[in-house]
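203 is the number that the UniProt record's numbering gives to position 203 of the sequence shown; each next residue is one higher, with no gaps. Below you'll find the structure, written out as structure tokens, and then a few comments.
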Amino acid sequence: MDDPADILRTIFGYEQFRPPQDEVIDTLISGRDALVLMPTGGGKSLCYQIPAIARPGVGIIVSPLIALMQDQVAALTQAGVRAAYVNSSLSAEEAARVEGQMQRGELDLVYVAPERLLTERFLSKLDQTPLALFAIDEAHCVSQWGHDFRPEYIQLSLLAERYPNIPRIALTATADELTREEIVTRLQLQQARRFISSFDRPNIRYRINQRGNAREELLRFIQEQHSNASGIVYCLSRKKVEATAEWLSKQGLTALPYHAGLSSELRQHHQHRFQNEEAVIIVATIAFGMGIDKPDVRFVAHLNLPKSIEAYYQETGRAGRDGLPADAWMAYGLEDVITLRQMVEQSEANEARKRIERHKLEAMLGLCETTACRRQALLRYFDEPRDEPCGNCDTCLTPPQTHDATETARKALSCVYRTGQRFGVTYQVDILLGKSDPRIERNGHDQLQLFGAGKELNATEWRGIFRQLIALGYLQVDVGGHGSLRLAESCRPLLRGEQSLHLRVEQKPARKRRAGRAD
Ligand code: ADP
Ligand code: ZN
């Protein structure tokens with residue numbers, strides 16, 4: 001069988017190609033090279049799997065991720081495709097067996113890690129192998145400036161020299177303009193046809209709110225706009241997943257929990273109901289989503305801040321796959337920022353990795369705090385500039401009010417400074433509002449000039465100011481301790497009066513605060 005459309009239907013069970021899959025496949029089948037930039041979940045795998053099946057010989061897939069190789073090979077084998085991988089998880093005999101099959105052309109696809117591929121031993125076997133194509137997955141790993149640089153990737157240029165007549169395809173989901181050019185030169189893909197998909201999902205309406213009473217707002221949002229629709233609600237913790245699902249169910253919705261702490265039968269059961277019934281809402285941790293391909297998810301709601309823009313994009317991207325209008329709705333709060341920072345600091349990752357994660361979280365906050373078009377900010381993050389505001393996000397539809405918050409910000413920063421940079425937000429707010437308690441008295445902070453000097457705002461509003469100062473990087477949270485605040489270097493010009501600060505006017509300021517947290 002060598003007609004791509006037949007392979008798509010009979011082996012993969014899909015009716016249609018998602019553009020530009022068909023064009024990429026034709027390019028490779030006709031023997032040309034391709035460079036494919038497509039967001040995660042866009043369908044990159046078929047771009048090389050189908051031509052590897054259709055063309056005579058073996059397709060060699062270079063991938064740095066062992067887990068991904070194993071998943072793909074398992075799925076392909078189940079679909080009846082002759083696929084295998086060679087990596088460090090195999091014994092020498094197992095590897096030799098796969099290599100033998102490869103040399104005899106008895107496989108359609110062989111997945112291999114770059115360091116293995118580049119050994120002279122493996123290359124000499126490839127010399128004897130009938131080859132269909134080379135696919136280089138995660139091609140951005142070739143970029144020295146990227147987060148995922150892998151030195152072996154640079155040597156993959158030898159594929160072009162050693163096998164000049166075999167078509168090559170490089171694929172990635174993350175490549176700004178610079179990385180793109182680096183991929184082309186380093187992998188010698190100057191002749192490759194380029195397929196660059198936009199990251200834009202125009203049918204998704206982005207909305208990001210600061211948390212008031214998040215649950216009630218979520219309920220209102222669902223009832224008013226998606227009363228009979230399927231949706232996903234993401235929460236950060238299992239506990240909150242359980243509580244939210246239970247609460248939504250009590251309000252008469254079909255809401256099912258999904259997280260890694262549930263038995264796999266229950267998870268499968270809930271996933272099955274979500275896929276097959278109407279108007280089922282899955283309340284989940286990020287454990288939910290991989291392999292979900294439900295086209296008519298009408299909304300994705302976040303009750304906590306995602307840890308990065310990539311995560312936000314990927315999770316919200318599960319809405320509206322059918323191209324019909326869909327919503328990405330989020331309510332976040334200060335607690336999220338602190339929790340996520342704690343997670344970064346307490347992780348096993350090395351310092352460099354942590355720096356990147358901190359930076360990603362800051363960028364996510366930047367997206368939340370922006371007073372400009374969300375979509376523009378989102379696409380800018382993926383290096384896809386867009387001239388006009390989109391008209392389909394909250395800031396476009398209801399431009400946020402801004403106000404000059406320079407004086408207020410200075411007061412907040414001074415309070416942090418005067419109290420010795422040892423206390424958290426609640427303490428600062430109490431000082432500004434002149435609310436004394438034994439601890440404040442013991443520290444003598446009721447004697448500060450600032451004590452009670454911030455009564456023009458209420459507690460909720462002050463918390464908002466602190467959140468924005470944290471988000472903008474003027475204040476740092478000591479996540480190792482109890483969330484105490486410190487001044488960042490960058491707040492100096494602001495304190496000296498050389499810089500002014502415009503902030504969002506909260507959409508719902510000074511609402512009556514409920515006792516305790518909404519979550
Ligand atoms: P990527 O590698 O770009 O992240 P995948 O290749 O893993 O994306 O594909 C993402 C999902 O989309 C998979 O579940 C896949 O089966 C599905 N998919 C890919 N192409 C099609 C298609 N033409 N029709 C329907 N589903 C598809
Ligand atoms: Zn917009």
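Yeah, the Cβ is synthetic: ideal placement off N, Cα and C, and Gly gets one too. These numbers come from a predicted model, not from an experiment.
Using a C-beta cut-off of 8 angstroms, the region 300–308 makes contact with the region 318–333, since at least three inter-stretch Cβ pairs fall below that distance.
Annotation for GLY100: the continuous alpha helix (DSSP H) segment containing it runs 92–103.
One alpha carbon belongs to THR395, the other to GLN190, and they sit about 41 angstroms apart. Bounds of the beta strand (DSSP E) holding VAL300 are 297–302. Annotation for PRO389 indicates a beta carbon within 7 angstroms of some heavy atom of ligand 2. Contact annotation, GLN155 with THR129: C-beta distance approximately 19 angstroms; criterion of less than 8 angstroms not satisfied. Taking a cut-off of 8 angstroms for Cβ pairs, the region 353–362 and the region 239–252 do not touch, as fewer than three such pairs fall below it. CA-CA distance, GLU407 to THR419, rounds to 18 angstroms.
Per the C-alpha coordinates, the member of ILE53, SER88 and ASN209 positioned closest to PRO399 is ASN209. Contact annotation, LEU118 with GLU152: C-beta distance approximately 6 angstroms; criterion of less than 8 angstroms satisfied.
Counted as a single uninterrupted DSSP element, the stretch harbouring SER198 is not any alpha helix (DSSP H), since DSSP gives it neither H nor E. When DSSP assignments are scanned along the region 198–233, the uninterrupted stretches of alpha helix (DSSP H) that are 4 or more residues long and fall wholly within it turn out to be 214–225. Within the region 97–158, the complete alpha helix (DSSP H) segments of 4 residues or longer fall at 114–117, 120–127 and 151–154, listed in chain order. For THR244, the three-state secondary structure derived from DSSP is helix. Selection HIS270, ILE11, TYR48 and LEU68 evaluated against VAL24 yields TYR48 as nearest (Cα-Cα).
The C-beta distance from LEU485 to PHE423 rounds to 7 angstroms, short enough to meet the 8 angstroms contact threshold.
About 5 angstroms separates the beta carbon of PHE199 from that of PRO39, a gap short enough to meet the 8 angstroms contact definition. No Cβ-Cβ contact shorter than 8 angstroms links ASP404 with HIS269. Within the region 21–81, the complete alpha helix (DSSP H) segments at least 4 residues long are 21–29, 45–54 and 66–78, listed from N- to C-terminus.
Not a single heavy atom of ligand 2 lies less than 7 angstroms from the C-beta of CYS368.
LEU256 is positioned such that its CB atom lies no closer than 8 angstroms to that of LEU219. For SER484, there is no enclosing alpha helix (DSSP H); the enclosing beta strand (DSSP E) covers residues 484–487. Residues ALA459, TRP462 and ARG463 of the same chain have their beta carbon placed closer than 7 angstroms to that of VAL429, with the five preceding and five following residues left out of the count. The beta carbon of PHE17 sits closer than 7 angstroms to those of LEU8, all from its chain and outside the five residues before and after it, given in chain order. In this structure VAL416 does not touch LEU494 by the C-beta definition: roughly 12 angstroms separates them, more than the 8 angstroms allowed.
By the neighbour-count definition (other C-beta atoms within 10 Å, threshold 16), HIS272 is an exposed residue.
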